[in-house]
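Take the numbering used here: the last position of the sequence shown gets the number 1792, and nothing is skipped along the way. Backbone N, C-alpha and C fix where the C-beta goes; we use that ideal spot for every residue, glycine too.
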Amino acid sequence: MDAWVLSNVQKVGYMRYLRCTPRFVLLVCLTCTFLGEESHTALAQTKVEAEKPATGGPESSAEKQDDWDRLIYIPFKNIKDVFQKSDATVFMPYIEYLKLWSQSAGVGTDGKIQFPVKAVITSSAYTTTIEENVARIKCDLTIQVMGDPWVEIPLQFGDAAIGKVTSEKSKVFLRGTGPGRYALLLSEKGEHQVQIELLTRVKNSPEGHHFQFVCPTVGITTLNLTIPEADQTVKITPQLVRLPAESTPKSTVVKSTVGATDQISVLWYPRESSKPEMDLLASVENSTLVYIRDGLVHTQATLKYDVLRGDMKSARIAVPLNDRILDLSSANTKIKSWKVEKGDGRQVIQVEFLNQLQDDAQIEVHTEKEIPEEPFEILGLSDSVTHGIHALDVIRESGQIAIDAGDSMTFSVTKMEGVTRSEASNVPNPLRRSGAVYYRFFNPSATLQIRVQPLEPRIFVTQQTDCYFGEDEIKVSAQLSYHIQRAGIFSFQLKVPEDLEIDSVNAPGLKEYNFDKQSRLLTVSLQQKFQGNLLLQVRAHRDLAQDDLSGTVHIPLLEATGVERETGQIAIYAPESMELIISNPDVVGAQPASNPQQRQQSNLTLASVWEYNRRPVVIPVEIQIKPTRLVADVATSIKVKEQIAEVTSRIDYQVQYAGVDTFRFAVPEAVADLIQIRSISPAPAPSIKQKSRAAEAVDGWVTWTVVTQRNVQGPYSLAVNYDITPGLQAVAAKPAEKKLAEGKQASEKEGGKDPEVEAKASDKPAEAEAGDVALKQIALQPVKVLGLEKSDDQPRSRNVPLARVYGEIAVSKSKTLSVTTAQLADQLEPIDLRELTLLPQEGFLAYRYFSQPVMLDLASTRHQIQEVVETIVLKSLVEIVVSKEGRSTYRCRYLMKSSERQQLKVALPEGIEPLSITVAGQPVPLEKADDSETEKGWTNYFVNVSRDQASDNAFLISLMFTKSVPRITDSPGGKLTLPLPRLGGTQAANVVVQQLKTVIWVPDEYALVRATDDFEAEYEPYFSGGIPHRGGVTATASDFDSWIGSTAVSLIDFPTEGRAYSFTRLGNSQEIGVSWWKLSVFSWVLGGALFIIAVVMRNTSWENKVAVLILLAFLLAMFSLTQADKILHGIYAARFGILALVSIWIVYTIAALRSGTGSGMNQPSQLKTNGNSAAVIPPPGVFDDFQDDKSDEK
């Protein structure tokens, strides 16, 4: 067994070793320390040896096991982290775990069992004897001691006094530890029997005698109680099981098991009362509820008996003779039986209780009876008759009575004696009901008589009636608001006036409605009984005869029947064509409304508003029809084109007062069959029902009649369209002209010819001096609006004259035409376009008129077409890379707008090699054109410019090709001419270029010093800090994309090398010529010349040097007036020579100043810089000889 354990320990240790972490070392070390083993530390390694459990047998193997696999290696730097982890997990060998478990659970180091406690009270028995007011308690405790001697057990007894403590076999001591708390000291191991005598006080109360004491909690606890009185009832708390015990004639013995508890209470009292029997004396509180449901009167009485004296074994209750007793019950008393005995004028209920009652009792009685038709009493008790439920054989009865009639019934008190009205707050909660009435009585002889009747609904109606008068009927829309109180209704009726027809009835919960034409009653039935607010809507109409339109009619009003009160408001609406006259003296029951509720109605106006609050209501109305007033506005728009004139006339009718369904207008006979008529009025205007043309013309005018689907009142618009072709005169022919035309037709049939006709036929469009062509003249008359005429075929038709007409004419034309007018008619008034009100304020000519008919003669002339440029190049960017090998690469980009949609001609120099051609980002082929129009050295090509963009949108064309040019490396300088592509061919037809930029890349050792006069260089040489800088710029192929406004899109890249020179100009150019220098050669020549000058003039005076420099500067300035770019490049090339010249002159000047022999010292200046004479003091003796000579001469 030991070998198997060791093997398992090795396996477990090996597995733990594989998964060990530094945090486990702390608890392993603590475990080893707790076991008392030796610990050896070397290189942060801990060795733990496992031992066998103490309970195990002798060692079965003498060989020492190799425990290398139980070692845990921890890096030294992680030791601190391991010791600080309090929630780490320990992995240890199983043998060591068994050893720890045995030592902590039950086996000590000495081989003995260790118990969790040192002593236990196994059982306790309390024997109690009552001695007058003292309870003597003998406590027998059985204690089992497992620990070492002098074991301490805590005890508590509360307020009980301890008399003595004894033990037969061992020494025990009792030590007090606090109020009611003690400690029992035991000197030996094993079982001990300890007796403790306790004393506690017995308390007396109305309930009986009782005492209680605190005890230690023991698993087995028993109580033996002896009371020196016989026939006592004993209650022990707690009491699990009551054991049998024999009592003596003079004492009561009780034995019980109470279980584990910390307190025991005992109560006892005599089994039977010894008080004398007395007569019953009781009072009753009567709470009666009378409620009416389902055609019955239900009575529910609650009788609360209060026993004042004696025992109540039974009770008698009086019930009316005609009541059916449904139930009798008690909430707090057990009833043995009850029976009913009928007597004179009453029923008596005999109630037997199961036990005699000394306290309160409550009895509930429930009865019912049919509702009498006559008044009946619900309260009252007398010797002959009983009303209500009352208690008998009591000294006093008072109470309260509640009456609840329910939702469908109502009651009224007809007789009341000895009762008073009570509030709901003074009524107990079980008696309270919603809507109940409460009364209080203090004597059962009180009287309360009521009458019960079905609850009749109270209905109040508010009616809003809208009457809409029309030409053939009166529409009535009535909205009745019913306010139903007290009781609900299933149906109601309304009285309908004569000649009024019901169209629709609508109400919430409507089941159906029926109309009896004989009684003129409208019955509305609901799906269920309804109470509250109900909204009823009724729509009806009354036909108007022809006699009613000229007589008097009464406003049709619905009348609600069976209502308490009806109030309402009547709103009368009429069209503009109808005038309603109401005479106030003839109105019955109504008066003008002070606060009318107006509602907007289309095409109708509010005539009057009346209100009423009683019936009957009579409102007579006299109807008068107003005559129709017809007004028309004519807006004629004429659009003159080269071969046709489009005429559009809009007639805006304004029908006032009375509606019409017919409109008439006339057009010239020449265009009568060409017109198109349509309605342009928006909905809900009626559409056209019929369009008819008069068979014959009257005075050259043909009348058209338009009939709509219904009458129109208000605005209505018609559109009349027709076209005038050359030779067609849209005017009405006069009678004489008509006869002449008929004669001409007759002569033509006979073979003759009319000279006037031939003259007119010979007229052809003539060309003016400027190339304009005069077209045919246009003569037209706008649409003539007519009034209405009474027709015998239509009895409802009437004469309606046209009250007013106003017209406007607007003439518009094509851009290639010129329109003029001949002499205007008197009715036409020329106006400004901004004065147009019926037509848009645009066009060429505008007129207006106020009478009809009018005539307008127009003459149109066609202008000669002026050609415009087809292609406009907004920006042109030509980039050329000139290489040393004599080959140049062109990339030409053109941002243009062109009306050309197919092909664009492009002239390119001969000898090119196309690389990439794109249009709007799409590659296209380059097609060679006809050579008939080419020049020498150029070739015409076609580029396909078809695209999905509009003609006014700019697009980009990109051309990339190579071409050979003269080499620029064979000489120090020269001129280079580069041809540029020509859009539009060699002649550049219909192509205009606005801006041109040419960028030329040349090798770095060369410079472009000048371009042709038409180009302007952008990057010229400049001075910065007195140092000349080179012209041009170092640029890549994409640096100029921002100028053209688009990125180049091509199939191949555009490589560049060298330095870029940019030249711009306005307009196009066929070529660009530039002058170039080889900078190294010019630097040697100009620098050497300046060096020679510096050496030659090194010893001359500074005046000469400055004069030479000024001369050179003057010559360069004069030369720069025409060759400024060459001067700047020359200065840049001679920069080293300038530096050498200045350096040599400065060096020689400094050297001369130091030696004093310079040219500057040969002629010293006699003046200071400020111009004043310097004071010179000669040395002594200088002028002695001069003085001697002067004296000799004298």
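- Fewer than three Cβ pairs drawn from the region 1002-1009 and the region 976-988 lie within less than 8 Å of each other, which leaves the two stretches out of contact.
- By the Cβ-count criterion, Ile1179 is exposed, with fewer than 16 other Cβ atoms from all chains shown falling within 10 Å of its own Cβ.
- Counting other Cβ atoms within 10 Å of its Cβ, Phe1040 stays below 16 and is therefore classed as exposed.
- The closest CA to that of Asn802, considering only Ala1423, Ser849, Pro868, is found on Pro868.
- Measuring C-alpha to C-alpha distances from Leu919 to each of Ser935, Asp904, Gly941, Asp909 identifies Gly941 as the nearest.
- As for any alpha helix (DSSP H) of minimum length 4 sitting wholly inside the region 1255-1332, there is none.
- About 6 Å separates the CB atoms of Lys934 and Phe951; that is less than 8 Å, so the two are in contact.
- The continuous beta strand (DSSP E) containing Ser1496 extends over residues 1485-1496.
- Beta-bridge annotation (DSSP): Pro1507 is paired with Trp1536.
- Around the C-beta of Pro1451, 16 or more other C-beta atoms lie within 10 Å, and the residue is accordingly described as buried.
- Relative to Leu739, the option among Glu729, Thr725, Ala733 whose CA is nearest is Thr725.
- According to the DSSP assignment, Trp1743 belongs to the alpha helix (DSSP H) that extends over 1733-1753.
- The C-beta of Ala1172 has 16 or more other C-beta atoms within 10 Å across all chains shown, which makes the residue buried.
- When secondary structure is reduced to three states using DSSP, Asp1002 falls in the strand class.
- In this structure, Val1296 is the residue among Val1706, Lys1237, Val1296, Ile818 with its C-alpha nearest to the C-alpha of Ala1264.
- Inter-residue distance for Val1517 and Ala1586 is about 19 Å (C-alpha atoms, whole angstroms).
- Boundaries of the alpha helix (DSSP H) harbouring Ser1678: 1677-1694, taken from the DSSP string.
- Around the C-beta of Leu924, fewer than 16 other C-beta atoms lie within 10 Å, and the residue is accordingly described as exposed.
- With fewer than 16 neighbouring CB atoms inside 10 Å of its own CB, Glu939 falls in the exposed class.
- Burial state of Met1558 is buried, judged by a 10 Å Cβ sphere holding 16 or more other Cβ atoms.
- Between Asp1250 and Ser1315, the C-beta spacing is below 8 Å.
- In the three-state reduction of the DSSP assignment, Tyr1617 falls in the coil class.
- In the structure shown, the three-state DSSP call for Trp1208 is strand.
- The beta carbon of Glu1244 lies closer than 7 Å to those of Lys1237, Asp1321 in the same chain, with the five residues before and after it left out.
- Counting only residues of its own chain and dropping the five nearest sequence neighbours on each side, Ala929 has a CB closer than 8 Å to the CB of Gln960, Glu962.
- A distance below 6 Å between beta-carbons, with the five flanking residues on each side excluded, links Ile818 to the following residues of its chain, in chain order: Ser721.
- Under the DSSP assignment, Ile1642 falls outside any beta strand (DSSP E), being part of the alpha helix (DSSP H) whose first and last residues are 1639-1642.
- Closest by C-alpha distance to Val1522, out of Lys1482, Pro1512, Thr1537, Val1541, is Val1541.
- Rounded to whole angstroms, the separation of the alpha carbons of Leu1147 and Leu1156 is 23 Å.
- Looking at the DSSP output, Gln793 sits in a beta bridge with Asp738, Thr764.
- No Cβ-Cβ contact shorter than 8 Å links Pro1626 with Arg1485.
- The beta strand (DSSP E) runs lying completely inside the region 1165-1204 and spanning 3 residues or more are 1176-1179, given in chain order.
- Fully enclosed beta strand (DSSP E) runs of no fewer than 3 residues occupy 1415-1419, 1443-1447 of the region 1415-1456, in order along the chain.
- Tyr1255 is the residue among Tyr1255, Arg1213, Ala1233 whose C-alpha sits nearest the C-alpha of Gln1222.
- By the Cβ neighbour-count rule, Ser1235 is buried, with 16 or more other Cβ atoms within 10 Å of its own.
- Distance from the CA of Thr897 to the CA of Ser1079, rounded to the nearest whole angstrom, comes to 40 Å.
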